[in-house]
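Protein sequences appear in the order of chains L and D.
Counting in this note's numbering, the first sequence runs from 1 upward without gaps.
Counting in this note's numbering, the second sequence runs from 1 upward without gaps.
Notes follow the structure.
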Amino acid sequence: MREFDYYRAGSVRDAAKRLAASGNAMLLAGGMTLLPALKMRLNEPSELIDLGGIDELKGVKLSRKGAHIGATTTHVEVAGNVELRAAIPVISQAAESIGDPQVRNRGTLGGSVANNDPAADYPAVALGLGATIITNKRKISADSFFVGLFETALGTGEMVTEVLFPLPQRAGYAKFPNPATRYALVGVCVAQFKSGVRVAVTGAGPSVYRLEDFEEALEGDFSSDALDGLSVSAANLNDDMHASAEYRAHLVGVMARRAVAMALD
Amino acid sequence: MSGGMGIGAAAPRSEDRRFITGRGRYVDDINLRSQQYAWFVRSPHPHAEVRSIDAGQALEMPGVTAVLTGADLEADEVGSLPVAWGITSVDGSPAVEPGFPALADGRVRYVGNPVAVVIAETRAAARDAAEAVNVHYEELDSVSSAAAAMEEGAPQIHEAAEGNLCFNWEWLPSAMAPDAKANTEKALKEAAHVVSLELVNNRLVPNAMEPRASLADFNPATGQLTLYTTSQNPHVNRLLLCTATLKMPEHKVRVVAPDVGGGFGSKIYHYAEELVVCWASRRLGVPVKWTAERSESFLGDAQGRDHLTRVELALDAEARFTALRVDTIANLGSYVSTFGAAVPTVFYGPLLAGVYKTPNIYATVKGVFTNTTPTDAYRGAGRPEACYLIERVVDEAAAQLGMDPAEIRRRNFIQPDEFPYQSPVGQLYDSGEFEGCLDLAMEINGYAGFDERRKQSEARGRLRGRGMSFYIEACGAAPSQAAGQLGARAGLYEVATVRVHPTGAVQVMTGTHSHGQSHETTFAQIVSDRLGVDFANVEIVHGDTGEVPFGMGTYASRSLAVGGSALVKALDKVVEKGRKIAAHLLEAAAGDIEFSDGQFRVAGTDRQVAFGDVALAAYVPHNYPLQELEPGLEETSFFDPENFTFPSGCYICEVEVDTETGVVEIRDFVAADDFGNIINPMVVEGQVHGGLAQGIGQALMEHCRYTPEGQLLTGSYMDYCMPRADDLPSFKVATRCTPTPFNPLGAKGCGEAGAIGAPPAVMNAVLDALRPLGVKHIDMPATPNAVWWAIEAARSGE
């Protein structure tokens with residue numbers, strides 16, 4: 001870790017102002033990715049702006065539009081929220097599959113989507129449910145938000161304040177955890193809406209993405225069997241010591257079937 | 001009198017109160033006035049010439065005291081890191097032991113090789129400055145696998161080691177057994193069946209919970225050096241510092257290993273970092289501290305295993321083993337670590353008989369240099385590698401012959417009436433009852449009900465497999481003379497001092513070191529049991545050469561068998577002296593005094609004196625036989641065992657495989673061990689659990705991997721997969737007991753058993769599950785990816 005300044009922001013406005021003013025400041029939410037990166041000197045910000053003291057960023061609210069989850073709501077809070085679990089269980093299930101208890105106690109929803117780790121769980125759920133990412137400046141659909149490897153649509157001085165998840169008819173998230181990290185080696189979120197089916201995949205590629213042929217197949221028949229005969233190409237999938245691209249491609253199919261089964265359960 | 005905490009009691013651990021309440025005192029908790037910090041500049045290249053080191057910019061940075069290099073080390077005549085065990089090749093030549101300087105002497109040979117050290121007022125300043133040290137490297141070709149390093153044209157890592165060969169070793173050597181090789185070959189030729197396997201024993205990173213740390217404090221006024229270090233054997237570190245590297249007189253050096261958070265072998269050795277902080281402290285006259293980051297532990301702690309083995313087992317028509325031939329390539333890494341050459345040879349070859357009466361055994365081992373972190377002893381050290389190949393090939397034989405794995409083992413076991421049993425590879429096994437252990441494990445496993453469980457698994461879409469292993473290991477290192485004949489360059493006895501205080505409270509100074517093994521509890525139980533003093537009135541002191549007379553430390557499951565035995569001998573001396581004092585006090589002959597339950601009693605009478613009163617008399621000798629006896633009550637014993645001890649045990653593992661994903665789940669794990677006599681069954685169970693977790697980790701998860709050139713791929717927990725609690729089943733453990741006759745406690749040792757017996761049991765179970773799909777072979781670790789590919793390959797007929 002190198003020297004940096006620390007600033008504890010009092011409000012979203014305060015944090016955003018500070019962020020815009022500094023050339024090389026970074027926002028600190030749960031710090032579960034950022035702090036290890038600082039320790040390894042992979043990130044060298046001039047200042048950390050701590051969002052931990054901003055009450056308006058915390059909490060889960062349900063409305064007719066869906067579930068509004070504040071950016072600094074921790075995974076354990078999401079997993080433990082009874083109303084949310086009744087309304088959209090897939091979000092709670094994904095939250096409780098993240099990392100380990102220590103990570104779930106510190107890590108936040110906003111931190112996860114803003115970081116857009118290619119193997120994180122929340123991006124799959126956000127994209128699968130067609131969530132809206134709300135920032136201090138605008139609303140961004142998940143389809144536009146997750147741009148690429150660790151890359152999002154967030155602009156300079158922009159920060160995630162809330163994520164709005166619409167209510168699906170049913171949804172499931174099946175995750176094959178990396179045995180070492182428990183990130184998703186492959187995770188598939190399947191959600192059925194009146195308007196159609198969405199299938200989002202994390203862990204397999206450079207960034208979370210949708211599987212359109214799976215969506216089409218499930219729109220006709222929302223069942224695991226509907227996916228029989230569909231295969232996933234290994235081209236452009238991640239290939240590392242934990243899983244070859246072919247194995248990941250195979251797992252996408254398996255996890256998609258299991259996600260459908262969970263949605264139907 | 002013992003407070004119910006004598007031998008055999010599941011006494012709660014005395015250590016736990018301080019560990020659980022955060023009152024442990026580890027090396028990094030110790031801070032000294034004017035202390036400075038060391039940060040190492042390490043090679044980013046697996047193999048390179050160091051053309052120049054420019055520290056100019058670093059030295060100008062705030063807080064920086066010094067930047068030291070290999071040239072400074074050489075100028076101060078600091079010796080190379082020593083090799084503590086010499087190995088002899090087939091042709092009689094000694095193993096190549098290239099110098100291992102603590103800071104590179106012009107060439108680096110692995111990623112992480114220390115090149116320079118920065119000493120600064122803060123850790124951050126030292127680290128910042130280390131990044132500013134400008135090292136000019138000229139990269140060389142490099143190689144990480146031992147097999148590739150042996151190929152013609154492979155990069156040469158040490159000039160003295162042609163073909164990167166450190167040694168070419170055979171067991172037994174032809175001088176000791178002229179016919180072993182020929183007889184083994186003949187038996188293989190004449191066999192009814194020969195089963196052969198090529199096996200990889202995967203390289204592991206030890207991953208003690210506490211990273212290594214060293215704090216050296218040289219006092220220029222007294223010339224005294226105190227080193228606080230994460231060591232399993234502080235006296236050994238002092239011995240090597242004084243004789244091989246710093247070359248200081250021993251009375252001027254004190255080594256303290258305070259609370260240490262795990263070792264598993266990785267904290268045995270005399271490492272570069274502890275030497276450098278001692279040297280830097282002596283040079284600069286200030287205390288110098290180094291604490292490893294986890295990333296440094298991955299690069300710098302000696303790693304384990306990394307064998308490539310071809311094994312052939314010959315059987316007669318009745319499935320009796322007639323010969324075993326083993327050919328192993330062992331990856332030693334870039335230098336010979338302290339015991340690096342001994343682990344794949346003398347800790348390995350002599351165990352190749354396993355628990356079977358195989359008459360002909362012959363093994364060769366080639367030790368090979370590569371551009372990787374040096375390997376050395378890791379929990380089990382040579383015995384897991386031996387056990388793995390034996391138990392894999394025995395199971396393979398059972399599968400090929402269509403026999404029950406239990407039956408083929410039964411047919412070949414050494415029988416209880418054959419002990420002590422002289423194995424054909426040089427060990428004299430002490431005791432054992434292998435069928436008894438096998439039956440116990442089978443009973444707990446519910447062996448007969450497996451087919452039913454397999455059907456139930458199938459109904460859930462899972463393939464079920466069962467695997468068995470039967471290990472034996474040599475513990476309690478070692479008879480010093482035997483070890484000396486095998487190349488050891490130090491003795492392997494153990495030492496205990498029992499100090500009885502005037503009040504009757506007892507302190508024990510033991511040369512063993514507890515870094516998770518619970519000696520403070522179990523050794524106190526022995527004292528409590530033998531002297532009849534309350535458990536709470538006993539304190540075990542360890543880990544400080546300033547307090548403990550001498551000792552060889554803790555590894556090879558030796559602490560109880562050797563250190564506990566030294567303690568028993570010292571306690572016997574205390575009782576003997578106490579008997580004479582009591583005889584005086586009771587006005588009786590010493591020969592008439594009995595000692596039990598803390599009372600010295602005139603035999604056949606009610607005249608008695610308590611142990612505490614005898615102690616008081618020894619220190620306040622108003623009524624005392626001063627003409628015959630010195631006052632005081634303190635005794636020291638050295639114990640050098642006549643033989644190793646040989647724990648053994650049967651493990652049965654049942655797994656379920658999800659063929660869709662390749663995930664292996666352990667559904668049942670039974671460990672039936674024979675550790676001889678047990679002091680504290682709870683502590684033993686804990687040791688077994690820990691060993692099993694590491695053994696299962698090796699079988700299913702852990703794998704230290706390098707690129708072919710030698711860049712470490714698994715440099716953090718993001719890639720190196722450690723087992724977690726929820727990866728493991730609830731273990732079913734049980735023990736049987738055949739005491740060893742070779743030490744007064746009858747104890748064999750239990751620290752490494754789980755890590756030795758578990759890997760083959762798990763892998764045999766995985767293969768048992770997958771054989772119906774046509775899978776014939778899979779190497780450790782059987783990760784989901786590896787299992788899925790094995791299934792795919794079998795399905796496509798590859």
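Just so you know, even glycine gets a beta-carbon here, dropped at the ideal spot from N, CA and C.
message: In the DSSP assignment, the beta strand (DSSP E) including A363(D) goes from what residue to what residue?
response: First-last of the beta strand (DSSP E) with A363(D): 360 to 369.
message: What does the alpha-carbon distance come out to for the pair R51(D) and V111(D)?
response: So the two alpha carbons sit approximately 17 angstroms from each other.
message: Within a Cβ cutoff of 6 angstroms, which residues of the same chain sit near M1(D), ignoring the five residues on either side of it in sequence?
response: With a pLDDT of 49 at M1(D), under the threshold of 50, the predicted position of this residue should be treated as unreliable, and no value is reported.
- request: Compute the distance between the beta-carbons of A120(L) and T152(L), then report whether it is under 8 angstroms.
  value: For A120(L) and T152(L), no; Cβs fall outside 8 angstroms.
query: Would you say L713(D) faces chain L, with C-beta separation under 8 angstroms as the test?
result: For L713(D), the answer is yes, since a Cβ of chain L falls inside 8 angstroms of its Cβ.
field: Contacting positions in the stretch 701 to 728 of chain D - beta carbon closer than 7 angstroms to chain L
entry: Within the stretch 701 to 728 of chain D, the qualifying residues are M701, R705, L713, Y717, M718, D719, Y720, C721.
task: Would you check if the distance between the CB atom of T161(L) and the CB atom of L48(L) is smaller than 8 angstroms?
output: Their beta carbons are not under 8 angstroms apart, which means T161(L) does not touch L48(L) by this criterion.
message: Taking CB distances under 8 angstroms as the criterion, tell me whether A243(L) reaches chain D.
response: The beta carbon of A243(L) sits closer than 8 angstroms to some beta carbon of chain D.
- prompt: Hey, would you say V190(L) sits closer than 8 angstroms to A259(L), going by beta carbons?
  reply: A distance below 8 angstroms separates the beta carbons of V190(L) and A259(L).
message: Check whether chain D comes within 8 angstroms of A180(L), counting only Cβ atoms and requiring the distance to be less than that.
response: At least one chain D Cβ lies under 8 angstroms of A180(L).
field: Within chain L, the residues that W788(D) reaches when beta carbons sit closer than 8 angstroms
entry: Residues of chain L passing the Cβ test: Y247, H250.
Residue nearest to P258(D) in terms of C-alpha spacing, selected from T328(D), F646(D), V541(D), P729(D): Answer by Cα proximity: V541(D).
- prompt: How is Y447(D) classed by DSSP in three states: helix, strand or coil?
  reply: Under the three-state reduction of DSSP output, Y447(D) falls in the helix class.
message: Check whether chain D comes within 8 angstroms of F4(L), counting only Cβ atoms and requiring the distance to be less than that.
response: It does not: the Cβ of F4(L) has no partner Cβ on chain D nearer than 8 angstroms.
- prompt: Excluding the five sequence neighbours on either side, which residues of its own chain have a C-beta within less than 6 angstroms of the C-beta of R466(D), listed in chain order?
  reply: For R466(D), where only same-chain residues beyond five positions count, the Cβ hits under 6 angstroms are F450, E654, A765, D768.
query: Under a three-way DSSP split, which group does H777(D) fall into?
result: Coil at H777(D), not helix or strand.
task: Would you check if there are 3 or more beta carbon pairs closer than 8 angstroms linking the stretch 645 to 663 of chain D to the stretch 431 to 443 of chain D?
output: Because the criterion of three Cβ pairs below 8 angstroms is met, the stretch 645 to 663 of chain D and the stretch 431 to 443 of chain D touch.
- request: Using a Cβ cut-off of 9 angstroms, pull out every chain D residue sitting near F176(L), in sequence order please.
  value: Those are T661, V663, P784, listed as they occur along chain D.
Top-ranked residue by Cα proximity to G690(D), from S730(D), L712(D), G662(D), R667(D): Between G690(D) and the set S730(D), L712(D), G662(D), R667(D), the nearest pair of CA atoms involves S730(D).
message: Rounded to whole angstroms, what is the Cα-Cα separation between A330(D) and G107(L)?
response: Rounded to the nearest whole angstrom, the CA to CA distance from A330(D) to G107(L) is 43 angstroms.
message: For P344(D) and A758(D), I'd like the C-alpha separation in whole angstroms.
response: Cα to Cα, the separation comes out at about 19 angstroms.
message: L204(D) and R305(D) - do their beta-carbons sit closer together than 8 angstroms?
response: Yes, the Cβ-Cβ distance between R305(D) and L204(D) is below 8 angstroms.
task: Determine, using beta carbons only, whether G511(D) and M552(D) come nearer to each other than 8 angstroms.
output: At the C-beta level, G511(D) and M552(D) come within 8 angstroms of one another.
- request: Over the uninterrupted beta strand (DSSP E) stretch that includes A25(L), give me the two end residues.
  value: Secondary structure note for A25(L): its beta strand (DSSP E) is the uninterrupted segment 25 to 28.
Beta-carbon proximity list for P479(D), same chain, < 8 angstroms, skipping 5 on both sides: Cβ contact annotation for P479(D) (same chain, cutoff 8 angstroms, sequence separation greater than five): L492, D640, P641, E642, N643, F644, in chain order.
Cα-Cα separation, A782(D) to A102(D): When the Cα atoms are used, A782(D) and A102(D) turn out to be separated by approximately 37 angstroms.
query: So is D76(D) buried or exposed if we call it buried at 16+ other beta carbons inside 10 Å?
result: With fewer than 16 other CB atoms across the displayed protein chains lying within 10 angstroms of its CB, D76(D) is exposed.
Among L227(L), A37(L), L19(L), A67(L), the one whose alpha carbon lies nearest that of L51(L): Nearest option by C-alpha distance: L19(L).
task: Assign N134(D) to one of three DSSP states: helix, strand, or coil.
output: The three-state secondary structure of N134(D), taken from DSSP, is strand.
query: Start and end of the alpha helix (DSSP H) containing L239(D)?
result: Looking at the DSSP string, the run of the alpha helix (DSSP H) that includes L239(D) is 234 to 240.
message: Tell me whether the stretch 193 to 203 of chain D and the stretch 703 to 722 of chain D touch, counting them as touching only if at least three CB pairs, one residue from each stretch, are closer than 8 angstroms.
response: Touching, yes.
message: Once DSSP output is grouped into helix, strand and coil, what is the label at P177(L)?
response: It is a strand residue.
query: Sorted by chain position, which residues of the same chain lie with C-beta nearer than 6 angstroms to Q57(D)'s C-beta, five sequence neighbours on each side aside?
result: Answer for Q57(D): A132, listed in chain order.
task: Report the rounded CA-to-CA distance for V118(D) versus I20(D), giving the unit in angstroms.
output: Each residue's alpha carbon lies about 35 angstroms from the other.
- prompt: Could you check where the alpha helix (DSSP H) with V27(D) kicks off and where it finishes?
  reply: The continuous stretches of alpha helix (DSSP H) do not include V27(D), and DSSP gives it neither H nor E.
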